[in-house]
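Reviewing the structure listed below.
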Amino acid sequence: MEIGLHHFVTLASLLFVIGLVGVLVRRNTLVIYMCLEMMLSAATLALVAFSRYNNTMDGAIFVFFIITVAAAEVAVGLALIVALFRRRETVMVDELKELKH
Amino acid sequence: MVDSLFYFFAAMMLAAALFVVVSRNPVNSAMGMILALVGVGANFFLLDAPFLGVLQILVYAGAVMVLFLFIIMLLDVDQAAKIPVPWTTVLFGLVLLAVFSGAVWWLVNGADALPTPENVSATPAALPGAENPGAFTSGAKSFGYSLFTKYMLPVQIAGFLLLIAMIGVVTLSKKQKQA
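Heads up: the sequence lines are chains A and B, in that order.
For the first sequence, the positions run 0 to 100 when numbering that gives the first Met the number 0 is used.
For the second sequence, the positions run 0 to 178 when numbering that gives the first Met the number 0 is used.
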């Protein structure tokens, strides 16, 4: 069977769901953050697939911007985690529940 | 050829992604993440977007994951506070997985399934043609044309965003006075 749009969209969805389950199940902030990045990557994969099969360049350009923003976002997010660790000596979400209620 | 490559990289990517979720050690998770991101980059190559594939591997699998590994090793979190995951969370995750899988199945096989556009050419041109300037091309040059014409303002905004992120990181990382 020819590889088509369906295959790439299915693959991107599966990657997205694995990332989402990881965000829900894991307790370490760093791993949760990695799983968020995975979901972002799944979205870029879907964008490139739609861009290719609709024969437009716009989706691919959008992925270019997403990679730029993701790089900036990772830098800020990791700086936040480091600042949090300095103050609280933990990165486990179970122990960071002051905003829960 | 492309078929077997697609299945190989898809299997590698999904296995690595699952490893990220189940692995107890954050460093192992980061290694799996690198493999998963390389898999995404390989799929960009299969989609005739080699420029984005290279960018994905350089920026994501390279720079971003090195930053992650650096922070993981810097914080050196004592591993495996072996708190079991609550069963409600696992149940909710599995329900979510089932719902999403059903949605994808419906998208691919359902009554009004995703159409496969027929206007896609087997091998895209290297540069945008005169008759369709926005057509999908494989060359890096077409990115340059788009970025400096249609997407000029977003490029400027992205530049400012990077500057703001840099300032933010410096501010956050500064030694704070003990309150």
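Note that beta-carbon positions come from the ideal geometry of N, C-alpha and C, so glycine has one too.
In the pairwise beta carbon analysis, the region 55 to 71 of chain B is classified as not touching the region 95 to 104 of chain B: fewer than three pairs are separated by under 8 Å. A residue is called buried when at least 16 other Cβ atoms come within 10 angstroms of its Cβ; Tyr6(B) does not meet this threshold and is exposed. In this structure, the straight-line span from the alpha carbon of Leu146(B) to that of Val154(B) is close to 7 Å.
Relative to His6(A), the option among Ser22(B), Arg23(B) and Leu46(B) whose CA is nearest is Leu46(B). Of the residues Ile163(B), Thr88(B), Met12(B) and Arg23(B), the one whose Cα lies closest to the Cα of Gly40(B) is Met12(B).
For Thr87(B), the nearest beta carbon of chain A is not closer than 8 Å to its own beta carbon. In the DSSP assignment, Glu36(A) falls within the alpha helix (DSSP H) that extends over Thr28 to Tyr52. Residues of chain A whose Cβ lies closer than 7 Å to the Cβ of Phe5(B) are, in chain order, Ile2 and His6. Neighbours of Ile71(B) in chain A, taken as residues whose beta carbon is under 7 Å from its own, are Leu29 in chain order. Listed along the chain, the chain B residues whose CB falls inside 7 Å of the CB of Leu23(A) are Thr88, Phe91 and Gly92.
In the three-state scheme derived from DSSP, where H, G and I count as helix and E and B as strand, Met56(A) is classed as coil. Just so you know, the alpha carbons of Gly21(A) and Ile31(A) end up roughly 7 Å apart. Going by C-alpha positions, Gly167(B) is about 15 Å away from Ala69(A). By alpha-carbon distance to Ala157(B), the top candidate from Gly3(A), Glu1(A), Val62(A) and Arg87(A) is Val62(A).
Around the Cβ of Asn27(B), a 10 Å sphere holds fewer than 16 other Cβ atoms; the residue is exposed. When secondary structure is reduced to three states using DSSP, Met0(B) falls in the coil class, being assigned neither helix nor strand. Under the 8 Å Cβ criterion, the region 33 to 50 of chain A counts as touching the region 8 to 18 of chain A, having at least three qualifying pairs. Nearest CB-CB separation between Arg87(A) and chain B: not below the 8 Å threshold.
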